[in-house]
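Residues 4 to 297 in our numbering are what the sequence shown spells out, letter by letter. Glycine residues also receive a C-beta, built at the ideal position from the N, C-alpha and C atoms. These figures come from a predicted structure and were not determined experimentally. Have a look at the structure below, then the notes.
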Amino acid sequence: MLPAMSGCGALAPENIQARHQIEKSLKSFPAVKSVDVELDSNFTAGDSWSVLILLNKNPGREETLTVLKDAYDRVVQVVGDDFASVTASWVQNGASVSWPISANEPNGAELDYLRELAKPDRGAMSAGRGRVSVDRGVVKEFPADLIVTPRSRVSVSDSFELDDMSIRAVSDTVDLSPIPLRKVVEAIDSKYREGAVVELTDNDIVSGSISLDVAAFGKESDGLDVAAAAKVLNVVSGNQLLQELGLTTAWNTSVASREGVFFHMKAGAFDAGDPPEEGAKILAAAQKSASASS
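Here it is as structure tokens:
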């Protein structure tokens, strides 16, 4: 290990030598195309190294796994106790991939699933820490290949923007495909789509339940549009997998608040909602809408 000098600046001879050694060591991996090493020197907090490893296009599985397994240790061998952030990036089958590398053993199953999912229309992909994430950016139509099926030890996240709505599905262990997310999105009135947020997850941050949260139905200052919210409730009514449903106004971003109703579900049936007086209004509107369309 080189005696990299904490707080002495990027141009200190020891730190220049450390940078060159990191680059030389990492470029010895067959999969590596280039290495960028940056040093943020702080006299109080110490030095912080940022290392970006660019791999060759469409690297093979084993050579990729070797980089993910060994690159962090090689950097630490040079910088010692200094903080180091190491990230690998590459293009896999047309998709841009980013993978933060740590001291933990990389998950081969995670890499396998990422390589299988990588396609040009899936935009930016990231992995590491047990999850493969896809960020499609702005799309023109609801993706036919929405990723909602995790694998053993590999969770998935798929997000995109459609008609000015932000939509995200996250699953750690449960196949969420039985929940009709496309129909939910289609049921949102066009006048409420701008700024709407739709989130589907099998592990709600508060309850841990399989939850669908739709923040879309009017401004908080105007109150919840009950009839519009009822359309979405009817879409998921009877669904045997969903456990919670949130129907609210769009987020008031200035104060991070919103107004609405949260329902618990069991075997496809809704409870009274919270708050129940507002839940009753949505349930009544949903029943009226369902009767009118039958």
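Taking 7 Å as the limit between beta carbons, can you name the residues of its chain near L5, skipping five residues before and five after?
Taking the sequence shown and counting its residues from 1, one reaches residue 5 at position 2. With a pLDDT of 47 at L5, under the threshold of 50, the predicted position of this residue should be treated as unreliable, and no value is reported.
Do you know whose CA, among A91, G63, F86, lies nearest A74's CA?
Sequence index remark: in the sequence shown, residue 74 carries index 71 (1-based). Measuring from the Cα of A74, the nearest candidate turns out to be A91.
Nearest CA to the CA of N107: which residue from G83, L114, G126, K72?
As a position in the sequence shown, residue 107 is number 104, starting the count at 1. Taking only the C-alpha atoms, the option nearest N107 is K72.
Using 8 Å for Cβ pairs, my map puts L184 next to A199. What's the rounded Cβ distance?
Your numbering for residue 184 matches position 181 in the sequence shown. Your numbering for residue 199 matches position 196 in the sequence shown. About 13 Å; that fails the 8 Å criterion.
Name, in chain order, the residues that DSSP records as bridge partners for F265.
As a first step, residue 265 is located in the sequence shown; it is residue number 262 there, counting from the start. DSSP lists G249, D277 as partners of F265.
From L58 to A121, what does the alpha carbon distance come to, in whole angstroms?
The residue you call residue 58 lines up with position 55 of the sequence shown. The residue you call residue 121 lines up with position 118 of the sequence shown. If you take the alpha carbons of L58 and A121, they lie about 15 Å apart.
State the DSSP-derived secondary structure class of V78, mapped to helix, strand or coil.
Position 75 of the sequence shown, counted from the first residue, corresponds to residue 78. In the structure shown, V78 sits in a helix (DSSP, three-state: H, G or I).
Drop a sphere of 10 angstroms on the beta-carbon of A7, count the other beta-carbons inside from all chains shown, and report buried for 16 or more, exposed for fewer.
The residue labelled residue 7 in the question sits at position 4 within the sequence shown. A caution first: A7 carries a pLDDT of 48, below 50, which makes its placement in the model unreliable, though a value can still be read off. Label assigned to A7: buried.
Judging by CA-CA distance, which residue of P33, S224, P62 is the nearest neighbour of L117?
Position 114 of the sequence shown, counting from 1, holds the residue named residue 117. Closest option to L117, Cα to Cα, is P62.
Leaving out five residues on either side along the sequence, give the residues of the same chain with a beta carbon under 6 Å from the beta carbon of K60.
Numbered from its first residue, the sequence shown carries residue 60 at position 57. V94, listed in sequence order.
Please report how far the alpha carbon of F273 lies from the alpha carbon of V159, in whole angstroms.
As a working mapping, residue 273 is identified with position 270 in the sequence shown. As a working mapping, residue 159 is identified with position 156 in the sequence shown. The straight-line gap from Cα to Cα measures roughly 27 Å.
Does the beta-carbon distance from P123 to A87 come in below 8 Å?
Here residue 123 corresponds to residue number 120 of the sequence shown, with the count starting at 1. Here residue 87 corresponds to residue number 84 of the sequence shown, with the count starting at 1. Taking 8 Å as the Cβ cut-off, P123 and A87 do not qualify as a contacting pair.
Does the Cβ of I208 have 16 or more other Cβ atoms within 10 Å, making it buried, or fewer, making it exposed?
Within the sequence shown, the letter at position 205 stands for residue 208. Classification of I208: exposed, given that the 10 Å Cβ count is below 16.
Terminal residues of the continuous alpha helix (DSSP H) containing A233?
Here residue 233 corresponds to residue number 230 of the sequence shown, with the count starting at 1. Taken as a continuous stretch (DSSP letters only), the alpha helix (DSSP H) holding A233 covers 229-239.
Rounding to the nearest angstrom, what Cα-Cα distance links N206 and A112 in this structure?
For the purposes of this step, residue 206 is taken as residue 203 along the sequence shown, with counting starting at 1. For the purposes of this step, residue 112 is taken as residue 109 along the sequence shown, with counting starting at 1. Cα to Cα, N206 sits roughly 21 Å from A112.
If you drop the 5 nearest sequence neighbours on each side, which residues of the same chain put their C-beta closer than 7 Å to that of V238?
In the sequence shown, counting from the first residue as 1, residue 238 sits at position 235. Excluding positions up to five away in sequence, the list reads P183, K186, V187, A190.
Output the distance between the C-alpha atoms of G83 and S162, rounded to the nearest integer angstrom.
Here residue 83 refers to the residue found at position 80 when the sequence shown is read from its first residue. Here residue 162 refers to the residue found at position 159 when the sequence shown is read from its first residue. Distance between the alpha carbons of G83 and S162 is about 38 Å.
Let me check understanding here. Comparing Cα to Cα, which of R132, I150, E164 lies closest to V141?
For the purposes of this step, residue 141 is identified with residue 138 of the sequence shown, where counting begins at 1. The option with the nearest alpha carbon to V141 is E164.
If I follow the unbroken beta strand (DSSP E) through L165, where does it start and stop?
Position 162 of the sequence shown, counted from the start, is the residue given in the question as residue 165. Looking at the DSSP string, the run of the beta strand (DSSP E) that includes L165 is 158-165.
Quick check: the region 145-155 against the region 212-228, are there 3 or more CB pairs under 8 Å?
Output reads no: the region 212-228 does not touch the region 145-155.
Can you check which of these residues, S224, I285, D115, is closest to V235 by C-alpha distance?
Within the sequence shown, residue 235 is the residue found at index 232, counting from 1. Taking only the C-alpha atoms, the option nearest V235 is I285.
Are the beta-carbon atoms belonging to G276 and Q243 less than 8 Å from one another?
What you label residue 276 is simply residue 273 of the sequence shown in a count that begins at 1. What you label residue 243 is simply residue 240 of the sequence shown in a count that begins at 1. Contact: no.
By how many angstroms is the C-alpha of S37 removed from the C-alpha of L149?
Taking the first residue of the sequence shown as position 1, residue 149 is located at position 146. Taking the first residue of the sequence shown as position 1, residue 37 is located at position 34. Rounded to the nearest angstrom, the two C-alpha atoms are 33 Å apart.
Less than 8 Å between the beta carbons of E281 and V264, yes or no?
Here the question's residue 281 lines up with position 278 in the sequence shown. Here the question's residue 264 lines up with position 261 in the sequence shown. Against a cut-off of 8 Å, the Cβ pair of V264 and E281 comes out as a contact.
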